[in-house]
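The working numbering numbers the first residue of the sequence shown as 2 and each following residue consecutively. Glycine included, C-beta positions come from ideal geometry on N, C-alpha and C.
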Amino acid sequence: MTSHPFDQNMDQAIESTTFGDVSIVGFQTGSLLDESLVRALESTALNAAVTVDRPKLIVDFEGVVHLTSAALGALLTIRREVEGRQGILILASLSPAIDEVFDIACLRPVFAFAANRSAAIDLCQA
């Protein structure tokens, strides 16, 4: 596994990792409330998606307990790009609070989910 911090300003909050041909975006913060962090999420994930044909992308929410509607919008943008390239996007490790946000926003049918990073990797490699 290799890790590449997004940039010097966000390296404490967002991490981009690869596992074989799977790109994983994870967080080192408990909340996605800051607009610059949401933009960094979108930029990091889109960079991972456009560098390969048929991208396999996991957004791992382990430890995240808060997110804004702007983060949901960013995830929809990422999904559109990944699926437009005939790839797969999986959201992993959702806390009960984040899981509830997807239910309330009626976004559960829109995304693929996995209980944790390992299960998401398995889904990408199936």
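Reference residue i; option with closest CA among the options
i, options, result
"residue 116", "97, 108 and 106", "97"
"residue 111", "122, 77 and 102", "77"
"residue 22", "16, 85, 53 and 107", "53"
"residue 49", "86, 126, 106 and 120", "86"
Beta-carbon gap between residue i and residue j smaller than 8 Å
i, j, result
"residue 91", "residue 113", "yes"
"residue 59", "residue 99", "no"
"residue 72", "residue 108", "no"
"residue 82", "residue 47", "yes"
"residue 45", "residue 17", "yes"
Residue i (DSSP reduced to helix, strand or coil)
i, result
"residue 1", "Not covered by the structure: residue 1. The range shown for the chain is 2 to 127."
"residue 18", "strand"
"residue 93", "strand"
"residue 123", "helix"
"residue 83", "helix"
"residue 58", "strand"
Residues near residue i in its chain [Cβ-Cβ closer than 6 Å; skip 5 each side]
i, result
"residue 3", "Because residue 3 carries a pLDDT of 44, less than 50, the predicted location of this residue cannot be relied on, and the following value inherits that uncertainty. Excluding residues within five positions, the ones whose Cβ falls inside 6 Å are 19."
"residue 62", "94, 95 and 99"
"residue 66", "31, 96 and 98"
Residue burial classification, residue i (beta-carbon count within 10 angstroms, cutoff 16)
i, result
"residue 10", "Any answer about residue 10 is weak, because its pLDDT of 49 lies below 50 and its placement is not dependable; what the coordinates show is given next. It counts as exposed."
"residue 56", "buried"
"residue 15", "buried"
"residue 27", "buried"
"residue 88", "buried"
"residue 122", "buried"
"residue 33", "buried"
Contacts around residue i, its chain only, beta-carbon distance under 7 Å, and the 5 residues preceding and following it disregarded
i, result
"residue 102", "68"
"residue 64", "28 and 31"
"residue 75", "39, 42 and 43"
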